[in-house]
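For the sequence shown, numbering that gives the first Met the number 0 assigns the number 0 to the initial residue and increments by one for each residue that follows.
For glycine and all other residues, C-beta sits at the position ideal for the given N, C-alpha and C.
Please read these numbers as outputs of a predicted model, since none were measured by experiment.
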Amino acid sequence: MRFIRIATLAENDPHAIDVGITSPGKIIINNQGANDILIGQDRSDVLAATASQYLTLSAGVMLVFDVSEMVGFLGQRQMLWFNATGGDSTLEVAILGVDQ
Numbered sequence: 000m001r002f003i004r005i006a007t008l009a010e011n012d013p014h015a016i017d018v019g020i021t022s023p024g025k026i027i028i029n030n031q032g033a034n035d036i037l038i039g040q041d042r043s044d045v046l047a048a049t050a051s052q053y054l055t056l057s058a059g060v061m062l063v064f065d066v067s068e069m070v071g072f073l074g075q076r077q078m079l080w081f082n083a084t085g086g087d088s089t090l091e092v093a094i095l096g097v098d099q
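Rendered as structure tokens:
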């Protein structure tokens with residue numbers, strides 16, 4: 000089990016977080032802040048100057064994923080990039096696996 004909390008995810012200062020999971024479990028991604036957060040596969044996907052392929056996690060929204068080590072994008076992907084947009088925000092990530 001891993002908990003990651005970035006209390007101040009500064010606007011346009013992308014951070015990579017390892018969301019890899021090696022057993023069945025859940026990944027929780029929560030935008031606890033007041034501004035949107037972009038989620039992408041690499042830094043340029045979420046950087047303001049080059050943002051191209053991203054998912055917008057609106058302020059106050061929580062995403063919950065059921066994953067396993069063999070099924071699904073998040074279960075196989077190691078790093079995701081996060082970037083606050085419109086101002087600073089607060090990001091919380093929990094990786095809850097059997098052997099984490």
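In terms of Cβ geometry, P23 and G96 form a close pair [threshold 8 Å]. When the beta-carbon positions are compared, A9 and D87 come within less than 8 Å of each other. Of the residues L37, F2 and M0, the one whose Cα lies closest to the Cα of W80 is L37. By the CB criterion at 8 Å, A33 and A58 fall inside the cutoff.
Nearest C-alpha to A83 among V18, S67, N30 and I94: N30.
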